[in-house]
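A short write-up of the structure that comes next.
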Amino acid sequence: MSEVENPVALTAKDFASDQEVRWCPGCGDFSILKQVQMTLPDLGVPKENIVFISGIGCSSRFPYYLNTYGMHGIHGRATAIASGLKAVNPDLDLWVITGDGDALSIGGNHLIHLLRRNFNLNILLFNNEIYGLTKGQYSPTSPQGSISKSTPFGSVDHPFNPLALALGSEATFVARSMDRDPQHLRKTLKEAHEHKGSSFIEIYQNCNVFNDGAFDRLSNKETKAETAIFLEEGEPLIFGREDNLQAIILKDFKPAVVSIDSRENLPENIWIHNPEKKLKAGILTQFFEEINPKMAFPRPFGTIYREQRICYEDSMQAQIDEAIRSKGKGDLDQLLEGQNTWTIK
Amino acid sequence: MGEPEIPTRFAPAMGKAKEKKTEVVICFAGDSGDGIQLTGGQFTETSSFHGNDFATFPNFPAEIRAPRGTLAGVSGFQLKFGSVEVFTPGDRYDVLVAMNAASLKAHLPYLKTGGIIIANTDGFDKKNLKLAEYIDEQNPIEDGSLEDYQVHPIDVTKMTRTALKESGLGIKEIDRCKNMFVLGYLYWMYNRPLARTEEFIQRKFKGHQELVDANMKALKTGFNFADTAEAFTSRFEVEPAPLEKGTYRNIIGNQGLAIGLIAAAEKSGLDLFYGSYPITPASDILHFLSRYKNFGIKTFQAEDEIAAITSAIGASFGGALGVTASSGPGIALKTEALGLAIMLELPLVICNVQRGGPSTGLPTKTEQSDLFQAIYGRNGEAELPVLAAYSPTSAFGAAFEACRIALEHMTPVILLSDGYIANGSEPWRFPRSKDLKEIKTKKVSKPENGSPYFPYERDENLVRPWALPGTKGLEHRIGGLEKTMPEGNVSYDPDNHEEMVRIRAEKIQKISESIEDQIIDNGEETGDCLVIGWGSTYGAIENAVKELIKEGHRVSHIQIRYLNPFPKNLEEIISRFDKILIPELNSGQLCQIIRSRFLVDAKSISKIKGMPFHVEELKAQIKKHIS
Numbered sequence: 239m240s241e242v243e244n245p246v247a248l249t250a251k252d253f254a255s256d257q258e259v260r261w262c263p264g265c266g267d268f269s270i271l272k273q274v275q276m277t278l279p280d281l282g283v284p285k286e287n288i289v290f291i292s293g294i295g296c297s298s299r300f301p302y303y304l305n306t307y308g309m310h311g312i313h314g315r316a317t318a319i320a321s322g323l324k325a326v327n328p329d330l331d332l333w334v335i336t337g338d339g340d341a342l343s344i345g346g347n348h349l350i351h352l353l354r355r356n357f358n359l360n361i362l363l364f365n366n367e368i369y370g371l372t373k374g375q376y377s378p379t380s381p382q383g384s385i386s387k388s389t390p391f392g393s394v395d396h397p398f399n400p401l402a403l404a405l406g407s408e409a410t411f412v413a414r415s416m417d418r419d420p421q422h423l424r425k426t427l428k429e430a431h432e433h434k435g436s437s438f439i440e441i442y443q444n445c446n447v448f449n450d451g452a453f454d455r456l457s458n459k460e461t462k463a464e465t466a467i468f469l470e471e472g473e474p475l476i477f478g479r480e481d482n483l484q485a486i487i488l489k490d491f492k493p494a495v496v497s498i499d500s501r502e503n504l505p506e507n508i509w510i511h512n513p514e515k516k517l518k519a520g521i522l523t524q525f526f527e528e529i530n531p532k533m534a535f536p537r538p539f540g541t542i543y544r545e546q547r548i549c550y551e552d553s554m555q556a557q558i559d560e561a562i563r564s565k566g567k568g569d570l571d572q573l574l575e576g577q578n579t580w581t582i583k
Numbered sequence: 219m220g221e222p223e224i225p226t227r228f229a230p231a232m233g234k235a236k237e238k239k240t241e242v243v244i245c246f247a248g249d250s251g252d253g254i255q256l257t258g259g260q261f262t263e264t265s266s267f268h269g270n271d272f273a274t275f276p277n278f279p280a281e282i283r284a285p286r287g288t289l290a291g292v293s294g295f296q297l298k299f300g301s302v303e304v305f306t307p308g309d310r311y312d313v314l315v316a317m318n319a320a321s322l323k324a325h326l327p328y329l330k331t332g333g334i335i336i337a338n339t340d341g342f343d344k345k346n347l348k349l350a351e352y353i354d355e356q357n358p359i360e361d362g363s364l365e366d367y368q369v370h371p372i373d374v375t376k377m378t379r380t381a382l383k384e385s386g387l388g389i390k391e392i393d394r395c396k397n398m399f400v401l402g403y404l405y406w407m408y409n410r411p412l413a414r415t416e417e418f419i420q421r422k423f424k425g426h427q428e429l430v431d432a433n434m435k436a437l438k439t440g441f442n443f444a445d446t447a448e449a450f451t452s453r454f455e456v457e458p459a460p461l462e463k464g465t466y467r468n469i470i471g472n473q474g475l476a477i478g479l480i481a482a483a484e485k486s487g488l489d490l491f492y493g494s495y496p497i498t499p500a501s502d503i504l505h506f507l508s509r510y511k512n513f514g515i516k517t518f519q520a521e522d523e524i525a526a527i528t529s530a531i532g533a534s535f536g537g538a539l540g541v542t543a544s545s546g547p548g549i550a551l552k553t554e555a556l557g558l559a560i561m562l563e564l565p566l567v568i569c570n571v572q573r574g575g576p577s578t579g580l581p582t583k584t585e586q587s588d589l590f591q592a593i594y595g596r597n598g599e600a601e602l603p604v605l606a607a608y609s610p611t612s613a614f615g616a617a618f619e620a621c622r623i624a625l626e627h628m629t630p631v632i633l634l635s636d637g638y639i640a641n642g643s644e645p646w647r648f649p650r651s652k653d654l655k656e657i658k659t660k661k662v663s664k665p666e667n668g669s670p671y672f673p674y675e676r677d678e679n680l681v682r683p684w685a686l687p688g689t690k691g692l693e694h695r696i697g698g699l700e701k702t703m704p705e706g707n708v709s710y711d712p713d714n715h716e717e718m719v720r721i722r723a724e725k726i727q728k729i730s731e732s733i734e735d736q737i738i739d740n741g742e743e744t745g746d747c748l749v750i751g752w753g754s755t756y757g758a759i760e761n762a763v764k765e766l767i768k769e770g771h772r773v774s775h776i777q778i779r780y781l782n783p784f785p786k787n788l789e790e791i792i793s794r795f796d797k798i799l800i801p802e803l804n805s806g807q808l809c810q811i812i813r814s815r816f817l818v819d820a821k822s823i824s825k826i827k828g829m830p831f832h833v834e835e836l837k838a839q840i841k842k843h844i845s
């Protein structure tokens, strides 16, 4: 009889490595690390099966601080490294840690291809709209006109909309969360983990040294209610202060904001969130005033889109299984010999 | 159906004696859509079954379908077969098959004086002559300019069309059978049976009986035409070569390399992961491996060269045999990731099927100009082992050995091949699985009792253990930052960095303990002159040196298989010769390395034309230095 180990419940502490965490004091990364460490014990995955892969940038130091398997790779390539790792060992629980420069600039190509292939893993993109490790240049998500070390007169680049990019890359799970809402972040991490396929989470993260307050309007108590909307599956899209509630309606695929008196008395055409509708998800990604300044919609947080699609590693393995079933397991001697031989006596 | 027309200008045969030849070089040349490579391949296969030794050299344009009839569009397949040992596809041809004017013009300079030209006259009409840039569209077949050669003008197109007019096929499909007519003609010339090619036709066109019939008929018509036309006073006989006893098969370089990778995966008990992005002339390795899924091989056509290598690094981290291949420009893109693999100390094999460079260079031509790139081409002090295949058959062993070193020494290894090896073929006395050595990996499967696991704890060869994700108790982090030993923690300590740089380099140098000593490939242990080669120049050097020895010169030849680290005895061998000559298809890269490493006055023999050395030119160059 095989020995059954009694699993000892792990805690966040079990996932902390012995390395000193070296981000700048006050960095949003601390919160994200903490939420990840708190979430991991609840996932029911043996610690030895968890692997964190990162690229380069402040966020990419992440694997060093977790007592799991990890690799700190090279700039932009965490997604490609993770693809190879997942392909050869589909049992591993993979987390890709990346940033706005790492994933969207130098590593843009690998990100979009990973998403379309749909490897079963989680991508946490820490978006702080700035290059932190290189000390303050604008990034592909910095709003146009950003003053930075490399753009003293303001950037002329039009920024990326990361969620629209992910959706356009055929991602099967697209979500947004932020460092300053620990509870929401933990919930989003769990949902991402539950999804089988490439789960893409954009996490707004404050860089208090080079881009302090970039997401302040979305996170501080005074403005948050009016600037952000928290999506719940099956729930109506409602936001605003309790004394000035707003709802989003959708008529002929055109969204609009209307005032409502109470949460009970909802208007006709009220938008009920269904993350399995791609067209609606597409509209939600456009609630992005940096790109669409005329659309005065709140920024959505939560799971925006989700679909079931076969994962790359499963299709890959299925082909191998089928080849073995139909041809038999490869025989090296037959391969060496080939189709045609002749003998010299 | 009428009998094919017989050109009247041939003199009647005086009988058909068999003239014995020890070796013959044939070049099949035509438009890149003429089926030249297939024709050459079939002649090779039939000759190999006859027991001849052989070497082949396909030479084709970079464009898939270059403009028809132009010089740029000429595709060639050169084959040397013999009743003696064959080292190269030959310097000059005995027979040139020219399917059109452009192919004659492009290849005539390489035909021996007195050589045979089999010309498809239909390919010499005004249009073709113009495209081939013959002045005033003057036809070389008719203007007497070929009087130094034996010209056999045959209207292959017309005869194939006549023979197949009742086949039910359209003109386009019928014309595609022209190559079979020519093949049949050559089979008669060299007294070869049609059986192998007939079997091939049956296989290739399975399910399309009309195509089987048409190709068979074209083949036989060509054979019968040669017999009836009495174009030759005698047929040529090339007897079997005295090859070592054993069972042989034909092997193409890229195929040998791929089989070597599969064999290494089997012998190390690992799954093979092959990350690759299509590039000439390395793509065939991907094509080949992707067909063998029943060996558990995972081939991954990545989005770019960088993803190809980094996915392979991820696979190696996960416990597979990670391999990637490319050619020069693609290797350049992989460079940063190579540095990461060196820093991580993970097993990885990187194959570079070299081509003419720099940049896009000459995609379909051969060159050895990436040696510096392989040995030095990374940022930082980043040593790794470099091996070179030297022939199509050696590609198998070189790939196997590259994997062994990568796995036993936990390091990325670069394996150099080139376009000449990749597409060339020769007979291979293949090994049996049981004759191949087992490869012992550095995998650690169980946590040591109580003691913590350190990822950079080194053994006597300075090699670290390989702990795979999924193994309980061995959780650890690795990365591209400098690290401490044995913990692997990030460190910016100056002394630690210097120590780690030295240890990583020493680890690579220690590999020389486990590799074979350099052998003298040909000649005496000591002498006036040592010719040192590496890679695909092997055959040409071997041939040249053999002939020079016969002529009484005290010349020896070594072909270096391990370019980093060098075999332990290399310096000592070099010291026993007065002169050192190093022929290379580059401007003298190995020569510079040998000079700087051993402080010897080595001289370079350099060729950078995208073409292999000819034996004669090499002999002349060597002679210049030793006389």
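Just so you know, the sequences run in chain order A and B.
Offset between the first sequence (1-based) and my numbering: plus 238.
Offset between the second sequence (1-based) and my numbering: plus 218.
The beta carbon of each residue, even a glycine, is placed where N, CA and C say it ideally should be.
Model, not experiment: these values are computed from the prediction.
The residue from A:483, A:468, A:401 with its alpha-carbon nearest to that of residue 521 of chain A is A:401. Neighbourhood of residue 558 of chain B in chain A, by CB distance below 7 angstroms: 311, 312, in chain order. Interface residue (Cβ-Cβ distance to chain A less than 8 angstroms): residue 696 of chain B is classified as such. The distance from the Cβ of residue 308 of chain B to that of residue 247 of chain B is about 14 angstroms, inconsistent with a contact at the 8 angstroms cut-off.
Only buried fits residue 486 of chain A, as 16 or more other CB atoms lie within 10 angstroms of its CB.
One thing to note: residue 505 of chain A has its Cβ no nearer than 8 angstroms to the Cβ of residue 525 of chain A.
Per the DSSP secondary-structure output, residue 695 of chain B pairs in a beta bridge with A:308. Here residue 621 of chain B carries a helix assignment [DSSP, helix/strand/coil].
Residue 506 of chain B sits in a helix when the DSSP states are folded into three classes.
Under the three-state reduction of DSSP output, residue 685 of chain B falls in the strand class. Residue pairing by DSSP places residue 343 of chain A in no beta bridge whatsoever.
Residue 381 of chain B counts as buried, since at least 16 other C-beta atoms from the protein chains shown sit within 10 angstroms of its C-beta. Under a 10 Å Cβ-count criterion, residue 692 of chain B is classified as buried, with 16 or more other Cβ atoms of the shown protein chains found around its own Cβ. Membership of residue 519 of chain B in the beta strand (DSSP E) is indicated by the continuous run 516-519. Against chain A, the beta carbon of residue 461 of chain B has neighbours under 9 angstroms at 582, listed in chain order. By the CB criterion at 8 angstroms, residue 352 of chain B and residue 243 of chain B fall outside the cutoff. For residue 331 of chain B, the enclosing beta strand (DSSP E) has its first and last residue at 329-338. For a cut-off of 8 angstroms, the C-beta gap from residue 598 of chain B to residue 557 of chain B is around 6 angstroms, short enough to register as a contact. With a threshold of 8 angstroms between beta carbons, residue 348 of chain A makes contact with chain B. Of all alpha-carbon atoms in B:330, B:612, B:594, the one lying nearest the alpha-carbon of residue 604 of chain B is that of B:594. Setting aside the 5 residues that flank it on each side, residue 263 of chain B is surrounded in the same chain by 414, 468, each with a C-beta closer than 7 angstroms to its C-beta; the list follows chain order. Not a single C-beta of chain A is nearer than 8 angstroms to the C-beta of residue 656 of chain B. In the DSSP assignment, residue 356 of chain A falls outside any alpha helix (DSSP H), carrying neither H nor E.
Using a CB distance cut-off of 8 angstroms, residue 470 of chain A does not count as an interface residue toward chain B.
Per DSSP, residue 425 of chain B is not a residue of any alpha helix (DSSP H), being assigned neither H nor E. Near chain A, meaning a CB-to-CB distance below 8 angstroms, the residues of the segment 237-270 of chain B are 263, 266, 267, 269. Looking at B:775, B:767, B:770, the one whose alpha-carbon comes closest to that of residue 756 of chain B is B:775.
By the C-beta criterion, the segment 570-581 of chain B is judged to be in contact with the segment 540-559 of chain B, since at least 3 inter-stretch pairs fall below 8 angstroms.
Residue contact with chain B for residue 397 of chain A: absent (no Cβ-Cβ distance below 8 angstroms to any residue of chain B). When C-beta distances to chain A are compared with 8 angstroms, the residues of the segment 700-726 of chain B below that value are 707, 708, in chain order. In terms of Cα proximity to residue 255 of chain A, the closest of A:299, A:263, A:264, A:247 is A:299.
In chain order, 574, 575, 576, 577, 578, 579, 580 make up the part of chain A whose C-beta sits under 9 angstroms from the C-beta of residue 467 of chain B.
Judged by DSSP secondary structure, residue 277 of chain B falls within the beta strand (DSSP E) whose first and last residues are 271-277.
In this structure residue 529 of chain B does not touch residue 292 of chain A by the C-beta definition: roughly 16 angstroms separates them, more than the 8 angstroms allowed. Interface annotation, residue 301 of chain A: in contact with chain B, CB-CB separation under 8 angstroms.
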